[in-house]
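This report refers to the structure that appears directly beneath it.
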Amino acid sequence: MSDGTTSLPIRETSLAIEALSMVFGQNDECVIKAVEAIKRDQKEDGSWGFVDDTAYACLALISAGKGPKVSLEDVEWRDRLREQELRYIKTYFVHTSPKYFEEHHVEDIQKIIKRMLHSAKSEIRILSPYIEILHDE
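If you use numbering that gives the first Met the number 0, the sequence shown corresponds to residues 0 to 136, in order.
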């Protein structure tokens, strides 16, 4: 309709908004009117009634650039924290391949694993078809 409303349920309107905003852009007149229509249907509690209708309405708003926003400062802060975490996380590979043992001097696997277990801060994952017994204590 000319005011942006449709006789379609929210799900179909949402899918139309997503498609139109991808093809014509978020500033297209049809997209803007459809977003306004969806916003008018929003209930007082912030939902659109049913959970699936609310989800589709949110997806439509996000695809039209009108959804929830995250501040740039928050994104940058999380990125900085993640970078700091990565600086202190050191991956330690222990080779258990018999071929590798033949070509290079490698510490006894049990000594390495024992040292890792005693100093682990979170978790250790071991994957090897060559390990039958890791620790006999």
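No residue lacks a Cβ here, since even glycine has one placed at the ideal position from N, Cα and C.
Taking 7 Å as the cut-off, decide whether the C-beta atoms of residue i and residue j are in contact.
{"i": "ALA59", "j": "SER118", "result": "no"}
{"i": "ALA63", "j": "VAL30", "result": "yes"}
{"i": "ASP52", "j": "ILE9", "result": "yes"}
Use the C-beta contact count for residue i: other C-beta atoms within 10 angstroms, 16 or more gives buried, fewer gives exposed.
{"i": "VAL74", "result": "exposed"}
{"i": "TRP47", "result": "buried"}
{"i": "ILE88", "result": "exposed"}
By DSSP, does residue i sit in helix, in strand, or in coil?
{"i": "ALA63", "result": "coil"}
{"i": "ASP52", "result": "helix"}
{"i": "GLU82", "result": "helix"}
{"i": "TRP76", "result": "helix"}
{"i": "ALA15", "result": "helix"}
{"i": "ILE31", "result": "helix"}
{"i": "ILE9", "result": "helix"}
{"i": "ALA36", "result": "helix"}
{"i": "SER118", "result": "helix"}
{"i": "VAL69", "result": "coil"}
{"i": "SER46", "result": "coil"}
{"i": "HIS134", "result": "In this predicted model, HIS134 has a pLDDT of only 46, less than 50, meaning its place in the structure is not dependable; the value taken from the coordinates is given anyway. It is coil, neither helix nor strand."}
{"i": "ILE112", "result": "helix"}
Starting from the C-beta of residue i, find all residues in its chain whose C-beta is less than 8 Å away, skip the five residues before and the five after it, and write them out in chain order.
{"i": "LEU19", "result": "ASP27, CYS29, VAL30 and ALA33"}
{"i": "ASP40", "result": "ILE9, TRP47 and ALA56"}
Near residue i, what residues of its chain come up, given a Cβ to Cβ distance below 6 Å and the 5 sequence neighbours on each side ignored?
{"i": "GLN25", "result": "ALA63 and GLY64"}
{"i": "GLU84", "result": "none"}
{"i": "ALA15", "result": "none"}
Within the same chain, show all residues whose beta-carbon is closer than 7 Å to that of residue i, passing over the 5 residues directly before and after it, in chain order.
{"i": "LYS42", "result": "GLY48"}
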